[in-house]
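The sequence shown maps to residues -20 to -1, 1 to 326 in mature numbering (1 follows the signal peptide of the UniProt record, and there is no 0). Below is one structure, written out as structure tokens; the observations come after it.
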Amino acid sequence: MNPHATPILVLSLMLGTTITISSNHWVLAWTGLEINTLAIIPMISKSHHPRAVEAATKYFLTQAAASALVLFSSMTNAWATGQWDITQLNHPTSCLLLTAAIAIKLGLVPFHFWFPEVLQGSPLMTALLLSTLMKFPPLTLLVMTSKSLNPALLTAMALASAALGGWMGLNQTQTRKILAFSSISHLGWIAIILVYSPKLALLTFYLYTIMTSAVFMALNKIKALNLSMILTSWTKTPVLNATLMLVLLSLAGLPPLTGFMPKWLIIQELTKQEMTPAAMVIAMLSLLSLFFYLRLAYHSTITLPPNSSNHMKQWYTSKPPSTPTAILASLSILLLPLSPMVHAIV
């Protein structure tokens, strides 16, 4: 890819995201989503590998279908109510169509099939963008229309996402697919609380973004695309591997790490809303994803592989991890003491 293309694509991503999150009109929001889609496709397929081209094609087809549904939903609502304002989504059919469209864009169950495949075909840093930045504009639309959405439908999709994200991640050996199913599982936590506390849903997404960014940057540093490559990376960056273990445990939601905060606040809020059974079910389902986070953490800190590996042990390098990785890893581990202040704000 032309070196001048990357900054143009990144600027286009920032522009599309800004347009969507700051707009009140459906057509403007749709335009921002389209700019984002068109900017990320060259970044997915830049390696020209058949798997990358396949991933870009799958991404384009699913996002085009979702964008068409967003436009159809807004037009149906405008036809019925005469309103193009995003917050004035009052027509029941429009609400249903929008929920389906945003679920496709986010990768929520049952529209999750494209997400692990696209992440597996993308470079690690593009996969990071797909897991974090690309989910922000659709999530903003859900937050803006949260008062009109169907709570029962969102709760069912959230529980299914938490279950499937944990279940499908159990037997994966590719790090990008594991993180894709981790993303689906976290989206379940965000979706279940969205109607009741949109601020808490956004907080959960922000913390998920920080933790996932730290994991992707660490994996990119040690060039680990599967579990066997993580096994032999301890000789190259021992400190980074130990930090990666803590960030993974934080993603799993174990106290006293940052990842425990959103899960704790969500369960507390669900209990206040008299949804104790849903809170209990989603808490139990998080044990499924805990298993594969523990497996990743075990692989990142083991110093002698228990069996022969196809990958050579790598030479130790004195080059330290980048400053953004260090900052994100610190935030992923140390933010739990701020819970009382966050709880007061949310």
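From the three backbone atoms N, C-alpha and C, an ideal C-beta is built for every residue, glycine too.
- Excluding sequence positions up to five before and after Glu34, its CB lies within less than 7 Å of the CB of Gly101, all in the same chain and listed in chain order.
- Taking a cut-off of 8 Å for Cβ pairs, the segment 177 to 197 and the segment 220 to 228 touch, as three or more such pairs fall below it.
- A Cβ-Cβ contact shorter than 8 Å links Ala138 with Ala171.
- Taking C-beta separations shorter than 7 Å and ignoring five residues to either side along the sequence, the partners of Thr112 in its chain run Thr189, Thr192, Ser193, following chain order.
- Rounded to the nearest angstrom, the Cβ distance from Ser269 to Ala232 is 7 Å, consistent with a contact under 8 Å.
- For Ile20, same chain residues with a beta-carbon under 8 Å away, outside a window of 5 residues either side, are Leu(-12), Leu(-8), Tyr39, Thr106, Leu109, Leu110, Met114 in chain order.
- Bounds of the alpha helix (DSSP H) holding Lys252 are 240 to 252.
- Taking C-beta separations shorter than 7 Å and ignoring five residues to either side along the sequence, the partners of Gly149 in its chain run Ile158, Phe161, Ser162, Ser269, Phe272, following chain order.
- Here Pro304 is exposed. Its C-beta has fewer than 16 other C-beta atoms within 10 Å.
- In the assembly as shown, Phe95 is a buried residue. Its beta-carbon has 16 or more other beta-carbons within 10 Å.
- Annotation: Gly87 to Val219 spans about 34 Å, alpha carbon to alpha carbon.
- No residue range can be given for Lys216, since it is assigned to no alpha helix (DSSP H) and is classified by DSSP as neither H nor E.
- For Gln100, the secondary structure class from DSSP, reduced to helix, strand or coil, is helix.
- From the listed residues Leu104, Ala81, Ile173, Pro236, the smallest Cα separation to Ala204 is found for Leu104.
- Per DSSP, Ser266 is one residue of the alpha helix (DSSP H) stretching across 256 to 281.
- Ile282 and Leu211 do touch by the CB rule: their CB atoms are close to 6 Å apart, below 8 Å.
- Annotation for Phe52: the continuous alpha helix (DSSP H) segment containing it runs 30 to 61.
- Around the Cβ of Ser141, a 10 Å sphere holds 16 or more other Cβ atoms; the residue is buried.
- Under the three-state reduction of DSSP, Asn(-19) is assigned to coil, being neither helix nor strand.
- Short of 7 Å from the beta carbon of Ser53, and not among the five residues preceding or following it, lie these beta carbons of its own chain, in chain order: Ser74, Leu77, Leu78, Ala81.
- Distance from the CA atom of Pro(-18) to the CA atom of Pro30, rounded to whole angstroms, is 22 Å.
- Counting only the Cα atoms, Trp64 lies some 38 Å from Ala263.
- Looking at the DSSP output, His5 bridges to Asp65.
- In the DSSP assignment, Val322 falls within the alpha helix (DSSP H) that extends over 319 to 325.
- If you draw a straight line from the Cα of Ser312 to the Cα of Tyr186, it comes to about 11 Å.
- Look at Asn200 here: in three-state DSSP terms it is helix.
- As the crow flies, the alpha-carbon of Ala44 is around 33 Å from that of Ala258.
- Here Val175 is buried. Its C-beta has 16 or more other C-beta atoms within 10 Å.
- In this chain, His92 is not harboured by any alpha helix (DSSP H), its DSSP state being neither H nor E.
- Around the beta carbon of Pro178, 16 or more other beta carbons sit within 10 angstroms, so the residue counts as buried.
- Closest in alpha carbon position to Ala136, among Gln154, Val89, Thr217, is Val89.
- The Cβ atoms of Leu245 and Leu180 sit closer than 8 Å to each other.
- Nearest in C-alpha terms to Ala306, of all of Lys201, Lys216, Leu267, is Lys201.
- Relative to Pro72, the option among Gly62, Ala83, Ile66, Asn57 whose CA is nearest is Asn57.
- When only Cα atoms are considered, Pro117 and Thr215 end up about 40 Å apart.
- Closest in C-alpha terms to Leu315, from the list His28, His279, Pro236, comes Pro236.
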